[in-house]
Amino acid sequence: MAEITAAMVKELREETQLPMMDCKKALVESGGDKEAAKQALREKGVKLMDGRRDRVTEEGRVAVYTSIEDGVGAIVELQVESAPVAGNEEVVALVNDLAKQLATGPGAATPDELWDQPSPSDSGKKLRDVKEDLENRIREVFNLTRIKRADSACGGYVHFDAKSGVLLEVEGGTPELAKDISMHVAAMQPAATSKDDLDPALVEKERTTLIEAARAEGKPDNIIEKMVEGRMRNFYAESVLSEQPFVKDDKQTVGKVASAGGMTIKGFTLWKVGQEA
1 MAEITAAMVK
11 ELREETQLPM
21 MDCKKALVES
31 GGDKEAAKQA
41 LREKGVKLMD
51 GRRDRVTEEG
61 RVAVYTSIED
71 GVGAIVELQV
81 ESAPVAGNEE
91 VVALVNDLAK
101 QLATGPGAAT
111 PDELWDQPSP
121 SDSGKKLRDV
131 KEDLENRIRE
141 VFNLTRIKRA
151 DSACGGYVHF
161 DAKSGVLLEV
171 EGGTPELAKD
181 ISMHVAAMQP
191 AATSKDDLDP
201 ALVEKERTTL
211 IEAARAEGKP
221 DNIIEKMVEG
231 RMRNFYAESV
241 LSEQPFVKDD
251 KQTVGKVASA
261 GGMTIKGFTL
271 WKVGQEA
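Okay, so the sequence shown: first residue is 1 according to full-length UniProt numbering, each after it adds one.
In C-alpha cells:
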C-alpha cells in the first residue's frame, strides 16, 4: 500500500474542504489514489445528506435572470437550513447559476431536470455536482423549491437580502424601467397586473360590499352608483399594478409610467422565501 503522507492529506483537504480525518481515511481506503478518495468522499456525503432530506429548510434565496434584448427570464427559489448559509458566497453563486441556466438553457419542467443541466460558471460540472459538493462541505440540505421560466422579454429585481424577488414580463421599454417597476411590485405587492387579470368573483364581492355599506349609510340609489364607482377606483389602485400610484412618482400610475417609457407590462411573478405564491 502506498504511504499516506501528511502532504497528501493536506492536498486532499484543500481540494475538498472536508475534515482532515475524513480525507486521511479516504486516502487509506483508496490506497493513496486521490481521485478515488475524492469520489468516495463525495459518495459518502451524498449518502449522508440523503438521510437528512426531511430537515426543515426555512431560510434561502430568490434569484432572477432577465434580458429584454434576448427575450428570456427566470426566477428560482433555493431553500437552506440557516441564514449564514443562505448568504454564503458559493451558495449565492449557485442560485444565480440556477436562474441563468433556467433562462438561457433548454428549460426545465422540474427542479430535478434543472439540477441535471450544466453549470454556467463551472465548466464540466452539472449544477447537481456543485450542489452536492456544497452540501458535503457545509452539511446543510439544499432544496430547489420553485422554478419558473418566461420565454419573453423580462426585467426583474431581487431585494438586498434575497428574501424576495420579482420577474416582470414586458414588451418594449428598457432594463432600467423594468427594474424600477419590479421594485415597485416588491414594495406594493399588487394582486394582479391589470383589472382584467383580477378574479371576477373578488371584484364582485368588493362591489357588493361597497353597495351594502352605502345603503347602510342611507344613500339613495343614484348616489350609491357614483359612490361605489369612486370607491372601486381605490380598490383597483390598491390591488392592480397598472392602477397603482408609482412609488417613485405617486402623481402617475404604473401603467402611465410604463406607457410613457414605451413598455407594455404583460405580467409579473413575486416570490418570497418560504411563502407560496
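Glycine included, C-beta positions come from ideal geometry on N, C-alpha and C.
Once the 5 residues before and after residue i are set aside, which same chain residues still bring their CB inside 7 Å of it?
i, result
"S239", "P190, A191, A192 and L198"
"V130", "L94, S119 and D122"
"A108", "L102, L114, Q117 and I147"
"G105", "Q117"
"T253", "S242, E243, Q244, P245 and F246"
"V158", "V62, A63, V64 and G165"
Please state if the CB of residue j and the CB of residue i are separated by a distance shorter than 9 Å.
i, j, result
"R149", "L78", "no"
"I138", "L98", "no"
"A187", "A63", "no"
"G261", "G173", "yes"
"L18", "G165", "no"
"V273", "R55", "no"
"F268", "S182", "yes"
"L168", "G31", "no"
"P111", "T66", "no"
"K44", "D22", "yes"
"K195", "S242", "yes"
"L134", "V91", "yes"
"G155", "L177", "yes"
"A214", "I223", "yes"
"N143", "R42", "no"
"Q244", "H184", "yes"
Exposed or buried, what is residue i when buried is set at 16 or more other beta-carbons lying within 10 Å of its beta-carbon?
i, result
"V76", "buried"
"P84", "exposed"
"A237", "exposed"
"L202", "exposed"
"D180", "buried"
"E15", "exposed"
"I68", "buried"
"A7", "exposed"
"K251", "exposed"
Indicate the three-state DSSP secondary structure (helix, strand or coil) for residue i in the structure shown.
i, result
"L198", "coil"
"I147", "strand"
"V247", "coil"
"K179", "helix"
"K272", "strand"
"P106", "coil"
"R233", "helix"
"residue 282", "Given that the chain is displayed from residue 1 to residue 277, the structure contains no residue 282 and the question cannot be resolved."
"K25", "helix"
"K219", "coil"
"E135", "helix"
"G255", "helix"
"L78", "strand"
"E90", "helix"
"R61", "strand"
"D54", "coil"
"P111", "helix"
"L98", "helix"
Suppose the cutoff is 8 Å on Cβ atoms and the five residues either side in sequence are ignored; what does the same chain contact list for residue i look like?
i, result
"E171", "S152, A153, M263, T264 and K266"
"K219", "M227"
"E81", "R55, V56, T57, E58, E59, E140 and V141"
"E29", "A37 and A40"
"E206", "M232 and F235"
"N96", "A63 and Y65"
"K125", "P118 and S119"
Using a Cβ-Cβ cutoff of less than 6 Å, which residues in the same chain neighbour residue i once the five nearest sequence positions on both sides are dropped?
i, result
"W115", "L127 and R128"
"L210", "V228 and R231"
Strictly by DSSP, which residues pair up with residue i?
i, result
"S67", "V72"
"E169", "C154 and G267"
"A186", "A186 pairs with nothing; no bridge assigned."
"V240", "A192"
"K126", "P118"
"S164", "K272"
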